[in-house]
Structure formats: structure tokens, C-alpha cells
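Step one of this worksheet: look at the structure below.
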Amino acid sequence: MSDEAHDAVGDYRFGFHDPENATIRFDKGLSEQVVRDISALKDEPEWMTELRVKAYNHFIERPMPDWGNCHSLNQINFDNVTYFLRSSDATKNDWDDVPEDIKNTFNRLGIPEAEQKWLGGVTAQYESEAVYHSIREDLEEQGVLFLDMDSGLKKFPEIVKQYFGTVVPHTDNKFSALNTAVWSGGSFIYVPKGVHVEMPVQAYFRINAKNMGQFERTLIIADEDSSIHYVEGCTAPTYSTDSLHSAVVELIAMKGAKIRYSTIQNWSANVFNLVTKRGVAHERATIEWVDGNIGSKLTMKYPSVLLKGEGAHAEVISVAYAGKGQHQDAGAKVHHLAPNTTSNILSKSISKNGGRSSYRGMLQVTPKSDGCRSKIVCDALMLDSESRSDTYPTMEVGNPTADLEHEASVSKVSGDQLFYLMSRGFTEEQAMGLIVNGFFEPFTRELPMEYAVELNKLLELEMEGSIG
Amino acid sequence: MDEILRIENLHVSVDETPIIKGLSLTIHQGEIHVIMGRNGAGKSTLASVLMGHPAYVITEGSIFYLGQPLEELTVFERARAGMFLSFQYPVVIPGVQVGTFLKKSVQSVRDEPIKGRAFRKELNEAMNTLDMDKSVLSRYVNDGFSGGEKKRLEILQMLMLNPKLALLDETDSGLDIDALRIVAKGINQVAPQAGCLIITHYQRLLDHVKPTYVHVMIDGQILMTGGPELALELEEKGYDWIDVVPEA
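Protein sequences appear in the order of chains A and V. Under the numbering used here, the residues of the first sequence are numbered 278 to 745, in order. Under the numbering used here, the residues of the second sequence are numbered 6 to 253, in order.
Take a look at the structure:
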């Protein structure tokens, strides 16, 4: 790692990079031709090509958001991004067929091992496309579809056409327009009626090349009374120049279905992470976002749920860790659109070494949503006085029967806590690590155990060498 | 017997206000020293300064622990060298489970990897001694604990860390008679291998723990030292009969 890069990002465990052996690499920069070329390369149906072009035009016209972190956003140089890079000729379903260097990367990240032990299916995306994909046979036999998005479009064009862009239209925001124009990879999942996928399925996203743009697109449809837990992890090498990750995720939970979507985002501190995640919950359905933001330079992401059917439930549990040079602008949006809908939002953030974390929340209660309930809790922990934490909650309440609670707290690590822990043999750094893990515990306990352990280790590492 | 702690003419200030004003005390292995005195006499300050609390400044005098100057050691180094403080007000660590906390603490103090099975056995024994329920292990450290539960957890930590010098700051305050007996049991288990310094307001703990010495602390100094009978006398007569030494 260059000194400059090291200064920028500190000690980032996944900062290694492997040689770039691209089979197809587009020139940097974006134009309608680039968009058409991506579509042509993937041999897509015409409606998709046209949607991409429409989205591209909207992206060009749409101004940059004037909120969040405009200063950082305006630093993004869209001409200096590689919009498509293919590293493997095809998506493999045996790790032995995956090109050696890419396989090594995922080995170092522990993916094949996790797959063997406890996952129902895995997709591994490297740059623009999935390089590996598998699903357990028993799930396949039950009719569960779990493919990378490109294959999903090829094999099930009708389903994709029916749902693609219905939850997050390309006109939603500038980055959903960008994603719709140049999307590549991501996951396509359909769970048939009444099927419960007991083991989580995982997607792993890795950016390896410099100045890369990764624009995966994920669509998950859980049919009536089915359930699924989808987990995603993200890392990238540490470079002194920036990369862009701009995903769109759409979830559809039909009557009585349940979707849990867990993310541990640990991009290196040179990645812009600008993601739109939204789900629709129909009658009695549940959508849960478990969203961990540890890495990236700037994250702007507000997982949201449209509670469309009576008795639907939304759960958004998120944590954000903002270290030196990082801004985590995260939060949640829940729209109560039907009677007796309920939601819980728990947001926890930690700022350290001048890092900034913001909670941005939106709670909407429409006149139709009689008897809805919502509870929002935001806790911020500051590890030093140079760091920053802000809260931007918005509530639009259009129904007087709504039962709403909002709690917010900002705290600092107390000297008494440190002294107590140090008197029990912990160094100051270890004591901080313990306090931080404890603060995130309400989040961590929602993760599969393997992730919880990994996340705790990660946070302990973040505390190392950090005490002045 | 081996000398564990030697305090010579100790002066300590907080925010430039002198609290301890010339205190000397030597503790050997196997000895139980009890310090009694009114609120504000500097008893808790003594415990905190021994453990290395950053708010307390030693302005004069010296402290030797196992023959080494104590000042050179940071708080966690003191813990790792075998010092233990049972806090008067144990601190809440939200989200950290007692079991995890104990294991990590024991691991850092012993500075060697501990085996899961052996550790669990040790922990079970200690918890049985203290009549503690296993369910405490999955609760968060001191979070929602009653006063008695907190003190019992302090003693559990002491048993697990097996210190060479045990400092107990009003561990007996607010305990019912059963809890008091259990806390005493813990102290008696550790005492033979360690030096003990017990800060208390009440004689009643001493029905269960037999002190080697009882010291009376008044205005930052030890003004009187005696045996267990002194505690009974203090209980009866209070502190007024002990002369306050005029300012030097």
C-alpha cells in the first residue's frame, strides 16, 4: 500500500488487491453508447435496453442531491469511472472453475468455507459480474430461484419485466437512474408460495480494479407465506483514488411473506457507497433490513419499507461506524400506507477520529393507516470530541390514531467505564473495543453467529492504534 | 510473610485539593487490613489511587507493590500484576455479556490462552461458592443489577482473577445478611494467598471476616491502628473520641 493510501484509510484488513486480468474492460466514462454497449454485450431484450437509455438520460438531467454530503458528492468524477469490467467468461458453479486469482480473493475472504458450513446458496460478484454461483439442491427442488441478475433476466424475462423498477423506479433519484442505466450483476431471487428458506443465502461483492464502478441490481420476490434471509458482504482494495458503488435493491414481500436482508458493508475508505434499498410489504408481510455500515468514504443509504398491506411490519436495524475521513449518512424510511401496520427502527452510530455519522430518517403515516404503531430509537456514541454526529428525523403524520415513539441519545464513553475495564486487565484500546461491541450488540445479535463474531473482530481492529 | 504493598508518607490531591495527607501502611501476604472512617476521610481515594485512577495525583510519598514502585504501572498493568479493586459503584457496560467479559478479563490478566472447558469448570465452582445463578452470565455487565447483585459480581471477578492484592471499597454496603455472608466467603477464599485491604463503614462484615488490623482514617491520615476489637469499639463510640491531629 502506498503511504498516501495508508494515510487515507488506515489499517484496512481487506485492502489487498489482486492483478487485474480483465477479459473485457470498457474505457472510462459514460455515454449513451456505453449504456447501449453494456446492454448489447449482455444480449438483453429491447425493453431493457430502452429502459437503460431512458434512465441514462434521466441521470444526465437530474441534479446532484443538495443534501447529505454535497461536498463529497461533487468530488465524484463520473468521467473517471470504469462502468463495465468482465473478469471471467462465465459464471461458474464450481470454485475450481473460477479463475485462480479471483478464487484466491474469495478464499482469503472465507467465502467457500462459509458456503460449505452454513449457507443455502452463494453468489460472488467480482467487478461487474458474478463469477461464481451456487444454490443448494434442496432449495432448487422446492422451486427457489436464486440467480445472478443477468442470468435472471435471461432465463425469467417475464418475471423480471413484471417487477424490475417497480419498487425503485429509475426516476427515484440520480443514483437509481445511474444504476438502472448501467446495472450489471446483483441477485435475482424468487421464493415460491409457502417455502421457507431456512439457511441464509449470501451474496458477496468485491471490487478489485481501480476507479471501478460497481452497479449491482438485486430483486427479491417472496411469494405468499414464504420466507428468506439474504446476506450480503462487501469489500474492496485500498487505493488512493476513488471507486463508486451504486446499487439498487428491490424487495417484494407478498401476503404473509417475510424477507430479511442483512448487509455488512466494509468497503475500503476510498469507495463512494450510494445505494437505494427499498421493499414493499403486502398484507401481514414483514420486511427487515439489518444494515451495517463500517467501511466506505461516504455512504448515503436509507433502507426503506412501504407498508402497503394491512398488518404489515417493517424492521430496520442499522449501525454505522465512522472513522477518520468517513461519513456515514444512513438511516431508515418507513411509509405506513395501510391500517394496523407496525414498524421498529433502531439506529446506532459511532464516530471516531473525526469521523461523521448522520441519522436521516423518514416516517410517514398516511390517513389510511389507522391504528399503526412505530418506534424509533437512535443512539449515537462519540469516542472523542473531534468527531461528529447528527440526527435528521422527519415525521409526516396524517392519522391521529397513530401510536408513535421516538427516542434519541448521544453519549460519550465515560472515564468511569474505561477505568473499570482497565482495572480488569484490559488495555484502553481493548476497553474501547468492548464498549463499542456492546453498543452495537442489539444489531450484532440479529446477525448469523459467524457474521457477529467477524463484525466484533473487525470493530476491535478498528479500535487498535486509535488511542492518542 | 512476603510484603505485598508498602505505602510511605502518601499525599494525594484531586483537582489540587489534598485528600490524603501523609499516609503510611504496609500489607503482607495473608493479612487483612480494614480501614474505617467517616465519609470524606479519603478511604475511597486511597483505593482509587492504588488502582491508578487518572483523576488522583500523588503529590508526595511513594507506593511499592511487590517491591516495585507502583507509579510506573498503568491501570491495566496493575491488574495484570495481580491487583484487584472491588468497586463501591460498579459500572454498567451496556451490551457486554458477563460471561464474555469474565473470559476476556481473565484472559488478559493471565496473559495466556484459556481453555474453554477448564475455564467453565473454574467459573462454575466460583459461582457455586457465591451462590450465583448461571443466568447472570448472559446478562449485560451490571446492567439492571441490584446493589447486591453488583457486589456479588465484583466478588466473582475477584475469585476468577485470584489477585495478590485485593482492594475492597465498601463491598459490604447495602447487602442483606445472606449476601454479606457470601461476600465474606469470597474474601476468605482469596485472603490467604493475598494481601487484603477492606474499606468499610460497618463492623458487621467483621463477624465473618477476621481482620489482622483495623485502621481508623481521619482527614487523610491513619490515626489509630488496632485489632478486631477496635472495630467493635468504633461501632459503639463512633469516631469523635479519636483526636484529630492538628495541621502540621
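Think of the CB as a built atom: it goes at the ideal place given N, C-alpha and C, for glycine as much as any other residue. A quick note: this is a predicted structure, and the numbers were derived from the prediction, not measured.
query: Where the segment 717 to 731 of chain A meets chain V: residues whose CB sits under 8 Å from a CB there; result: Phe717, Glu718 and Pro719
query: Contact set for Leu237(V): own chain, Cβ-Cβ below 7 Å, skip 5 residues either direction; result: Gln208
query: Test item: CB-CB of Ser688(A) and Leu658(A) under 9 Å; result: yes
query: Three-way DSSP call (helix, strand, coil) for Lys734(A) in this model; result: helix
query: Anticipated Cβ contact below 8 Å, Pro233(V) with His38(V), distance rounded; result: 12 Å between Cβ atoms; not a contact.
query: At least three beta-carbon pairs within less than 8 Å, the segment 75 to 83 of chain V to the segment 126 to 136 of chain V; result: no
query: Buried or exposed (CB count within 10 angstroms, at least 16 for buried), Ala253(V); result: Bear in mind that a pLDDT of 42 at Ala253(V), under 50, signals an unreliable position, so the model cannot answer this.
query: Collapsed DSSP secondary structure at Ser517(A) in the structure displayed; result: coil
query: Contact between the segment 29 to 43 of chain V and the segment 725 to 734 of chain A (3+ Cβ pairs under 8 Å); result: no
query: Coil, strand or helix - Ala562(A) by DSSP; result: coil
query: Classification of Gln226(V) by the beta-carbon crowding that lies within 10 angstroms, buried from 16 upward; result: buried
query: C-alpha distance - Leu424(A) paired with Gly638(A), whole-angstrom precision; result: 32 Å
query: Cα-Cα separation, Ala282(A) to Gln603(A); result: Note that Ala282(A) scores 42 on pLDDT, short of 50, meaning its location in the model is unreliable; the coordinates nonetheless yield the value given after this. So the alpha carbons of these two residues sit roughly 14 Å apart.
query: Buried versus exposed, by CB contacts within 10 Å (16 or more), Ser279(A); result: Confidence is the limiting factor: at Ser279(A) the pLDDT is only 44, short of 50, which leaves the residue's position unreliable and the question unanswerable from this model.
query: Neighbour list for Pro99(V) in chain A, Cβ cutoff strictly below 7 Å; result: Gly715 and Phe716
query: Own chain, CB closer than 6 Å to Trp566(A), minus 5 neighbours either side, in chain order; result: Tyr538, Pro580 and Val593
query: Pair within 9 Å by beta-carbon distance, Asn582(A) and Arg555(A); result: Per the sequence shown, the amino acid found at residue 582(A) is Val instead of Asn. It is a contact, given that the beta carbons lie within the stated cut-off.
query: Straight-line Cα distance separating Cys201(V) from Ser29(V); result: 16 Å
query: His564(A) classed as buried or exposed, judged by whether at least 16 other C-beta atoms fall within 10 angstroms; result: A quick correction: the sequence has Ile, not His, at residue 564(A). Buried: at least 16 other Cβ atoms inside 10 Å.
query: 9 Å Cβ cut-off: residues of chain V touching Asp568(A); result: Result: empty, since nearest Cβ-Cβ is about 18 Å, beyond 9 Å.
query: Strand pairing of Ser364(A), partner residues [DSSP]; result: Note: Ser364(A) sits in no beta bridge, so no partner.
query: C-beta atoms of Gly87(V) and Ala196(V) nearer than 9 Å; result: no
query: Minimum Cβ-Cβ distance from Ile712(A) to chain V less than 9 Å; result: yes
query: Neighbouring residues, chain A, relative to Met56(V) (Cβ below 7 Å); result: Ser700
query: Partner residues on chain V for Tyr697(A), Cβ-Cβ distance less than 8 Å; result: Phe92, Pro95, Val96 and Ile98
query: Gln5(V), buried or exposed, once every other Cβ within 10 Å from all chains shown has been counted against 16; result: Residue 5(V) lies beyond the stretch modelled for chain V, which goes from 6 to 253, so this question has no answer here.
query: Residue interval of the beta strand (DSSP E) (run including Arg494(A)); result: Arg494 to Ala499
query: Inter-residue spacing [alpha-carbon to alpha-carbon] between Ile744(A) and Asp661(A); result: In this predicted model, Ile744(A) has a pLDDT of only 46, less than 50, meaning its place in the structure is not dependable enough to derive any value.
query: Sequence-distant residues of the same chain with beta carbon closer than 7 Å to Ile187(V), five excluded per side; result: Leu135, Asp136 and Arg157
query: Residues within the segment 108 to 138 of chain V neighbouring chain A, beta-carbon criterion of under 9 Å; result: Lys109, Ser110, Val111, Gln112, Ser113, Val114, Arg115 and Asp116
query: Buried versus exposed, by CB contacts within 10 Å (16 or more), Trp324(A); result: exposed
query: Chain V within 9 Å of Gly745(A), Cβ atoms only; result: A caution first: Gly745(A) carries a pLDDT of 38, below 50, which makes its placement in the model too unreliable to give a value.
query: Proximal chain V residues relative to Asp693(A), where beta-carbon distance stays under 7 Å; result: Val96
query: Val141(V) beta carbon less than 9 Å from that of Phe124(V); result: no
query: N- and C-terminal bounds of the alpha helix (DSSP H) containing Leu180(V); result: Taken as a continuous stretch (DSSP letters only), Leu180(V) belongs to no alpha helix (DSSP H), as it is neither H nor E.
query: Segment limits, beta strand (DSSP E) that includes Glu13(V); result: Glu8 to Val19
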